[in-house]
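In this text, residue positions in the sequence shown follow the working numbering: the first is 7, and each later residue adds one.
Beneath this line is the structure, given in structure tokens, with notes to follow.
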Amino acid sequence: MSEERLIVSVSGVRGKIGTTLTAEVAFEFGAAFGTYLGAGRKVALGRDSRPSGSMIQNAVVAGLLSCGVDVVSLGIVTTPGVALMTRLLEADGGIIITASHNPHPYNGIKFLQPSGVALRAADAAKLKSLWESKKFATQQGLDVAVETVNNRTHPMHIDAVCAVTDVTGISSRRYKVVLDSINGAGCVVSPMLLSKLGCEVVHINGEPNGQFAHTPEPIEENLTDLCNAVRKHKADVGFAQDPDADRLVVVDENGKFVGEEYTLAMVVAFVLQKRKGDVAVNLSTSRMVDDLAGEAGVQIFRSPTGEANVVELMEKTGCIFGGEGNGGVIDPRVVPVRDSLVGMAAILQYMSDTGKTVSQLIAEIPAYHLMKTKLPCSPEAAAKVTELTREEFAGDDGAKFNDEDGLRIDFADRWLSVRGSNTEPIMRIFAEAPTAAAAAELVARVKTIADRVVGG
Ligand code: MG
């Protein structure tokens with residue numbers, strides 16, 4: 007029954023609506039965050055477009071208000087939009103009601119620091135123990151906290167992106183863009199941004215009603231409609247967002263899905279042409295960025311998976327840019343979280359600056375084959391597979407082991423990573439090598455172990 011567990015981690019709370027994530031649980035987490043912050047504080051709160059979002063939001067708001075915390079409701083907005091507004095409104099914290107790329111039956115609650123970044127691990131642990139204790143600082147008397155509405159998220163977000171973008175240069179190209187917003191939180195703000203950049207927009211799945219038209223994870227098998235639409239409309243580029251619009255993937259002008267790892271690689275290539283500075287990514291991100299950084303004479307820093315870890319490392323090392331290979335790009339000048347709007351603007355400017363097509367820009371990036379697989383797996387089994395994987399590769403020539411985030415094993419020109427997920431009962435096996443066959447061979451050796459542990 008592990009798949010029915012409510013998952014409470016540094017990434018927030020995630021569960022299935024009506025079974026593990028109920029209005030009662032949402033109220034409790036609202037009250038726990040209210041207790042954590044203290045009466046008289048203020049929270050900015052937004053949600054993605056899932057139909058369950060309204061119920062969860064109202065329950066969370068009630069919990070916050072009951073503890074004397076004021077709420078500024080932003081409505082259906084993107085995850086980076088909530089992060090941005092948390093900072094601009096000088097709120098004491100932020101909350102996003104979203105389950106990101108998880109399918110429809112799921113929803114979640116994500117808690118932000120005043121900077122817009124997810125809570126640090128120690129604070130997330132404190133929040134979790136407050137929730138477990140059920141000892142909430144409920145306010146007495148008639149002097150109650152209030153909820154207000156703020157509808158400025160979209161224009162503020164667009165202004166922040168345009169402030170670091172060559173709007174005139176992109177506009178002069180009159181690009182045709184097909185955008186798949188999966189009926190998610192990006193539906194309204196994204197075409198507004200693209201129009202401001204002078205693009206002609208063909209919008210598919212553009213109603214923010216939470217009826218996901220395909221499986222939400224922005225991977226190739228889920229994006230055939232987008233690829234076909236790019237060909238049909240002879241567009242310059244196709245963009246796909248996940249339901250909370252922090253991740254972005256790209257389809258080239260031939261309607262070819264280019265792979266989520268190329269979002270960050272293209273944007274890093276663009277950024278390093280304009281500015282010299284170090285870049286932070288997570289341990290699962292493709293080696294492509296290492297080669298690009300090497301050419302530019304700057305450094306790549308690697309953190310454990312999880313946006314908050316990347317951002318913390320960026321701050322510590324003074325990086326000018328960051329991201330994750332799953333299609334997440336982070337420009338701290340806009341907002342210190344992954345932002346698909348930042349990604350779209352950067353890729354369009356890369357195209358307009360160079361006059362090149364997406365496929366030409368992709369061809370310039372050093373190629374690796376990154377194979378990403380996942381298996382259903384309990385956290386206990388994932389730990390066992392990790393341990394046995396270490397033994398399996400211990401004798402391999404030049405193997406270097408890193409335990410910061412599951413297990414990563416580096417070789418001269420390839421790497422392998424094995425880890426349990428924080429947000430789902432699965433384990434992820436990633437391998438990257440100069441050829442697809444070599445990457446597949448690394449994955450196969452782990453899968454043999456996993457079959458023994460899980461299937462045995
Ligand atoms: Mg997301």
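The beta carbon of each residue, even a glycine, is placed where N, CA and C say it ideally should be.
Practice item. Locate the beta strand (DSSP E) running through T154, then write down its first and last residues. Key: Translated into the one-based positions of the sequence shown, residue 154 becomes position 148. Segment 153-155, the beta strand (DSSP E) holding T154.
Review point. In chain order, what residues of the same chain have a beta carbon less than 7 Å from the beta carbon of L232, not counting five sequence neighbours either side?
Key: Here residue 232 refers to the residue found at position 226 of the sequence shown. For L232, where only same-chain residues beyond five positions count, the Cβ hits under 7 Å are V184, D186, I210, G244, A246, V257.
Check your understanding: What residue from Y356, V155, A418, I102 has the CA that sits closest to R179's CA?
Key -> Here residue 179 is taken as the residue at index 173 of the sequence shown, counted from 1. Residue nearest to R179 within the set Y356, V155, A418, I102 is Y356 (criterion: CA-CA distance).
Check your understanding: Fully enclosed by the segment 104-176, which beta strand (DSSP E) runs are 3 residues long or longer?
Key -> Whole beta strand (DSSP E) segments, 3+ residues: 112-118, 153-155.
Check your understanding: Should S106 be counted as a contact of the ligand MG given a C-beta to heavy atom distance under 6 Å?
Key -> Locating residue 106 in the sequence shown gives position 100, where the first residue counts as 1. Yes - the ligand MG has a heavy atom lying nearer than 6 Å to the Cβ of S106.
Review point. Does at least one heavy atom of the ligand MG sit under 6 Å from the Cβ of D284?
Key: In the sequence shown, counting from the first residue as 1, residue 284 sits at position 278. Not one heavy atom of the ligand MG is found less than 6 Å from the C-beta of D284.
Review point. Should E223 and H107 be called a contact, given that it needs their Cβ atoms to be closer than 7 Å?
Key: Taking the sequence shown and counting its residues from 1, the one referred to as residue 223 is at position 217. Taking the sequence shown and counting its residues from 1, the one referred to as residue 107 is at position 101. Going by C-beta atoms, E223 is nearer than 7 Å to H107.
Exercise for review: Please work out which residues of its chain come closer than 7 Å, Cβ to Cβ, to R281, disregarding the five sequence neighbours upstream and downstream, and give them in chain order.
Suggested key: By one-based count along the sequence shown, residue 281 stands at place 275. So the list reads I326, once near-sequence residues are dropped.
Point to revise | Segment contact, 8 Å Cβ cut-off, at least three pairs: the segment 14-24 with the segment 111-122 | key: The segment 14-24 and the segment 111-122 touch, with no fewer than 3 CB-CB distances between them shorter than 8 Å.
Exercise for review: Sort G46, G122, F263, D409 by Cα distance to G52 and report the nearest one.
Suggested key: Counting from one through the sequence shown, the residue named residue 52 turns up at place 46. Checked all of G46, G122, F263, D409; the closest Cα to G52 is G122.
Review point. Sorted by chain position, which residues of the same chain lie with C-beta nearer than 7 Å to M7's C-beta, five sequence neighbours on each side aside?
Key: Position 1 of the sequence shown, counting from 1, holds the residue named residue 7. The predicted position of M7 is uncertain, since its pLDDT is 38 and thus under 50; a value taken from the coordinates is nonetheless stated next. Taking C-beta separations shorter than 7 Å and ignoring five residues to either side along the sequence, M7 has no partners in its chain.
Check your understanding: Do R253 and the ligand MG come close, with the Cβ less than 6 Å from some heavy atom?
Key -> Position 247 of the sequence shown, counting from 1, holds the residue named residue 253. R253: yes, Cβ under 6 Å from the ligand MG.
Exercise for review: Please state if the CB of L381 and the CB of A456 are separated by a distance shorter than 7 Å.
Suggested key: For the purposes of this step, residue 456 is taken as residue 450 along the sequence shown, with counting starting at 1. For the purposes of this step, residue 381 is taken as residue 375 along the sequence shown, with counting starting at 1. Yes, they are a contact pair.
Exercise for review: Report the rounded CA-to-CA distance for A219 versus G44, giving the unit in angstroms.
Suggested key: Position 213 of the sequence shown, counting from 1, holds the residue named residue 219. Position 38 of the sequence shown, counting from 1, holds the residue named residue 44. Straight-line spacing of the CA atoms in A219 and G44 works out to 41 Å.
Check your understanding: Nearest-angstrom Cα distance between R344 and A191?
Key -> If you number the sequence shown from 1, residue 344 lands on position 338. If you number the sequence shown from 1, residue 191 lands on position 185. About 14 Å.
Exercise for review: Return the Cβ separation of F117 and G69 in integer angstroms, given the expectation that the two are a contact with Cβ distance under 8 Å.
Suggested key: Stepping through the sequence shown from its first residue, residue 117 is reached at position 111. Stepping through the sequence shown from its first residue, residue 69 is reached at position 63. Going by Cβ atoms, the distance from F117 to G69 rounds to 12 Å, so no, they are not a contact pair.
Check your understanding: Out of curiosity, what's the CA-to-CA distance linking E313 and D284?
Key -> For the purposes of this step, residue 313 is taken as the residue at position 307 of the sequence shown. For the purposes of this step, residue 284 is taken as the residue at position 278 of the sequence shown. One C-alpha to the other measures close to 17 Å.
Review point. Is D54 near the ligand MG, with its Cβ less than 6 Å from a heavy atom?
Key: Here residue 54 is taken as the residue at index 48 of the sequence shown, counted from 1. Placement of the Cβ of D54 at a distance of 6 Å or more from every heavy atom of the ligand MG is found.
Review point. Among A97, M350, Y268, which one has its Cα closest to the Cα of V173?
Key: On the sequence shown, position 167 is the one that residue 173 refers to. Selection A97, M350, Y268 evaluated against V173 yields M350 as nearest (Cα-Cα).
Review point. How far does the alpha helix (DSSP H) with E247 in it reach, from first residue to last?
Key: As a first step, residue 247 is located in the sequence shown; it is residue number 241 there, counting from the start. The question names Glu, but residue 247 is Gln in the sequence shown. Run containing Q247: none in the alpha helix (DSSP H); it sits in the beta strand (DSSP E), 243-247.
Check your understanding: In chain order, which beta strand (DSSP E) runs of at least 3 residues are fully inside the segment 309-388?
Key -> Inside the segment 309-388, DSSP marks whole beta strand (DSSP E) runs of 3 or more residues at positions 327-330, 334-336, 375-382, from first to last along the chain.
**Study point:** Assumed close pair I529, G59 - CB separation to whole angstroms, cut-off 8 Å
**Key:** Since the displayed the chain opens at 7 and closes at 462, residue 529 lies outside it and no answer follows.
Review point. Would you say I368 reaches chain B, if we count a Cβ-Cβ gap shorter than 7 Å as a contact?
Key: No chain B is part of this structure, which consists of one protein chain only.
**Study point:** Helix, strand or coil at L199 according to DSSP, with G and I counted as helix
**Key:** In the sequence shown, the residue the question calls residue 199 occupies position 193. Looking at L199 - three-state DSSP - the assignment turns out to be helix.
Practice item. Ignore the nearest five residues each way along the sequence and tell me which others in D416's own chain have a CB closer than 6 Å to its CB. Key: Along the sequence shown, read from residue 1 onward, the residue named residue 416 stands at position 410. K406, listed in sequence order.
Review point. How many Å lie between I371 and P109 at the Cα?
Key: The residue labelled residue 371 in the question sits at position 365 within the sequence shown. The residue labelled residue 109 in the question sits at position 103 within the sequence shown. When only Cα atoms are considered, I371 and P109 end up about 32 Å apart.
Exercise for review: Examine the Cβ distances between the segment 164-172 and the segment 127-137 and report whether three or more of them are shorter than 8 Å.
Suggested key: No, because fewer than three Cβ pairs between the segment 164-172 and the segment 127-137 fall closer than 8 Å, the two stretches do not touch.
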